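Protein chains in written order, with my numbering: chain X, 661 to 1135; chain Y, 7 to 165.
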C-alpha cells in the first residue's frame, strides 16, 4: 500500500482523504507504517468501497492485521444504523460465519507435561476430525440440527459436551438471539450433517501452547494465566452450514441490492437494508450459523478434554474465552456522544469490550474482554484485554494476517520439510495435508509480534500474555 | 499473475483420455492474499465454466487420483453469466459436500438462462490427496468475458 495516499493522524492511525466529489464516509486504518506498507492496495480499495455503503455510522476501519479479502477486507470493521437505511452485507461477515477461537486454560505446566507432548499430539490428532473430507461422529437429524441453530453451545452442553461453566465464558453466553433456522437452506443443513465437531482445513487449527510471557499481571491473574502454563486454542467456525449460508445469501443480497437501487461500487459488497426482507432473512440465517459455530467449538472443547485426560489423567481444562471474528452483531456504541444501536460487521476482527462492560462475565469485568490474536503454527499467539476507550467500535485484530499468497507459500516450502524443521524447534505438527502445511508456513504470515504491538499502541487492546506453540493439529 | 503447476499439466494430459467431451485446459490461478483466484478458459463459455470447476476442485485434491465412477446432473437458471459462474461453482461445492463426493470432470450446456451440467467423480476416500477445503466462490474479481476467440471465467474462491 502506498502511504502517500494516506494522512497520518496519530502514530498508529491513518485516514484516507476523500477525493474531490467523492461520496463516502470516513476511512481509518490502524497500524504502523511498515504494516500498512505490506498490505495490498486492494485493502484500501475495499475499505473505501465499504465506506460508500448506505447508513454507515462513524468510519469504516481496518485493523493492523488487515489484508485483501472478498467484499470487505479481512480485518475490516464497519457499523451500520438500521434507522438510517443501513445495510447488512454477507461479504462483511464472510463465508465462515462466526469463525473464532476457543481458548482453554489448563492446570498443566510445561515442566510436567512437556515430556508427553508426542503422545498428546497423536491423541489429539486421532480425536479431532481435521482436514478435507473428515467427518465427526455426531450425526444430527434435521430437528436436532434446528435445535443446535437455536441453542448454540447450550445444545452441546445439554448433550454432554462440556459443562455449564463453559457457557459463561463464551460470547453471548453461548447462544445468540435472533436465529431463524427456517431461513437456512436445506442444502446448508445437509452440508452440516457430518461436520458437527470438526475442525476444517486451511488456517484452522487446534494448538497446545505454553504461556511464555506475561505483559499485564493483573489481567493475567483475572484470566487465570501464569508463565509455563499450558493453554489450548481451537480455531474453527460454522463449517459447511455457514459456508452454504454465505453462498446462498451472497447472491440473494447482490440481487436485492440491484432491485432496491443500492449503488454498489463493486458487486462483491452485496448487501441489503437491514430492515428489508432480504436483510432480515440473512440476519436470521447468520445468527443460526453463529450458534452452529458456538456449538461446534463446544463439542471440540469436550473432545479435547477427553483426549487430554487420556494422556494426563489429572488434566483440567477450563474455558478461558470463546471469541468469534467473522460476525455482524447488534451493539450500542456512542457516536458524537450519543448512544446508537448499530449492526457492527467484523470481518476478520475480534470484538474487544473494555473493562466494566455489562456483557462481560464477572471474573473479567475489571480486566476487559479476552482477545485472541492467533499467529501461525511456528510463531505464537497473543491474549490481550479490551480497552474501555477503544475507538473502533470495541474491535481489535484477530490474527497475524497473511503476508504472501498460498501459491507463493507452496512454491517456497515443502510440507514434510517444514514439519521436520518445526519439530527441531520443539513444535509438533500433526496433519493429513502436506500441501496444507506448506500453505500455512509461518513465513507466509506477517510478524504476529508487530501486529500485537500495533494493536496495543493503537489503543485497541492491551497485551496480556504471549503463547508459544508446542503441538499443532492442522486440517 | 496467472500460474499453473507441473502437477496440473500432468493432470490435464491424463484428463484428455477420458471419454467425456470435457476440454482440458490447465487449471489456472491468480494471486490473492488469503484465498485463491481461479481461472477457466475455453473456446466457449461452457468450456470456460468446466475449466473453472476443475481449477476449484484441484485445490481440494489431486484430480489425477479421482476415479470417474459417479455422475451428478445439475440444473439451474441464471441469465447473468457472471452470477451463473458463481452459482455453478457453489452448486458443485455444495453438492460435493452434501454427498461426500469429489468431482474431477465436468460438462456444461446452456440455452439462454437455463444451465444444465454433469459432474463426474467419486465418493471421497482417505487415499485421495488432501489439499484445502473450498468454502465457496465469491463475487470478488468476478468476470466472464470473451476476448478474441477465447472465453475466460474467473473469481476468488474462499478457502
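Every residue, glycine too, gets a C-beta built ideally from N, C-alpha and C. Predicted model, so just to flag it, every value in this text is computed and none were measured.
Neighbour list for residue i in chain Y, Cβ cutoff strictly below 9 Å
i	result
residue 793 of chain X	66, 67, 106, 108, 130, 131, 132, 134, 136, 139
residue 1093 of chain X	135, 136, 137, 138
residue 835 of chain X	What residue 835 of chain X touches in chain Y: nothing, since even the nearest Cβ is about 24 Å away.
residue 960 of chain X	Result: empty, since nearest Cβ-Cβ is about 16 Å, beyond 9 Å.
Residue i, buried or exposed, once every other Cβ within 10 Å from all chains shown has been counted against 16
i	result
residue 1036 of chain X	buried
residue 941 of chain X	buried
residue 680 of chain X	exposed
residue 1185 of chain X	Because chain X spans 661 through 1135 in this model, residue 1185 of chain X falls outside it and cannot be assessed.
residue 752 of chain X	buried
residue 1019 of chain X	exposed
residue 29 of chain Y	With a pLDDT of 41 at residue 29 of chain Y, under the threshold of 50, the predicted position of this residue should be treated as unreliable, and no value is reported.
residue 668 of chain X	exposed
residue 1001 of chain X	exposed
residue 1041 of chain X	buried
residue 987 of chain X	buried
residue 663 of chain X	exposed
residue 113 of chain Y	buried
residue 842 of chain X	exposed
residue 670 of chain X	exposed
residue 838 of chain X	exposed
Cutoff 8 Å: residue i Cβ touching any chain X Cβ
i	result
residue 144 of chain Y	yes
residue 38 of chain Y	yes
residue 76 of chain Y	no
residue 162 of chain Y	yes
residue 127 of chain Y	no
residue 165 of chain Y	yes
residue 93 of chain Y	yes
residue 71 of chain Y	no
residue 14 of chain Y	Confidence in residue 14 of chain Y is poor, its pLDDT being 38 and thus under 50, which makes the residue's placement unreliable; the coordinate value appears in the next sentence. So, not an interface residue.
residue 158 of chain Y	no
residue 123 of chain Y	no
Residue-chain proximity (residue i, chain Y), Cβ-Cβ < 8 Å
i	result
residue 985 of chain X	no
residue 1038 of chain X	no
residue 1127 of chain X	no
residue 1123 of chain X	no
residue 664 of chain X	no
residue 907 of chain X	yes
residue 727 of chain X	yes
residue 798 of chain X	no
residue 1088 of chain X	no
residue 847 of chain X	yes
Proximity winner among the options, relative to residue i (alpha-carbon distances)
i	options	result
residue 1129 of chain X	X/869, X/920, X/783, X/719	X/869
residue 1116 of chain X	X/723, X/953, X/664, X/859	X/723
residue 153 of chain Y	Y/60, Y/116, Y/47	Y/47
residue 108 of chain Y	Y/117, Y/49, Y/130	Y/130
residue 920 of chain X	X/935, X/906, X/907, X/908	X/935
residue 851 of chain X	X/1103, X/1058, X/902	X/902
residue 732 of chain X	X/749, X/717, X/716	X/749
residue 726 of chain X	X/1017, X/1134, X/809, X/1114	X/1114
residue 828 of chain X	X/662, X/981, X/985, X/892	X/981
residue 923 of chain X	X/684, X/661, X/662, X/854	X/684
residue 738 of chain X	X/758, X/712, X/802	X/712
residue 907 of chain X	X/695, X/849, X/788	X/849
residue 82 of chain Y	Y/148, Y/51, Y/141, Y/121	Y/121
residue 1092 of chain X	X/872, X/1135, X/841, X/715	X/1135
residue 689 of chain X	X/760, X/661, X/714	X/661
Contacts that residue i makes with chain X (C-beta to C-beta distance below 9 Å)
i	result
residue 148 of chain Y	927, 928
residue 89 of chain Y	911, 914, 915, 927
Cross-chain neighbours of residue i in chain X, by beta carbon under 7 Å
i	result
residue 103 of chain Y	851, 900
residue 42 of chain Y	1066
Under 7 Å from the C-beta of residue i: neighbouring residues of chain Y
i	result
residue 904 of chain X	100
residue 755 of chain X	141, 142, 164
residue 862 of chain X	138, 139, 165
| Members of the stretch 910-923 of chain X that neighbour chain Y once the beta carbon cut-off is set at 9 Å | 910, 911, 914, 915
| Given a limit of 7 Å on CB to CB distance, which residues of the stretch 1097-1110 of chain X reach chain Y? | 1099
| message | By the 8 Å beta-carbon criterion, what residues does the stretch 729-743 of chain X contribute toward chain Y? | response | 729, 730, 731, 734
| What residues in the stretch 679-701 of chain X have a beta carbon less than 7 Å from any beta carbon of chain Y? | 700
| Just by C-beta distance, which residues in the stretch 1059-1086 of chain X are closer than 7 Å to chain Y? | 1062, 1065, 1066, 1067
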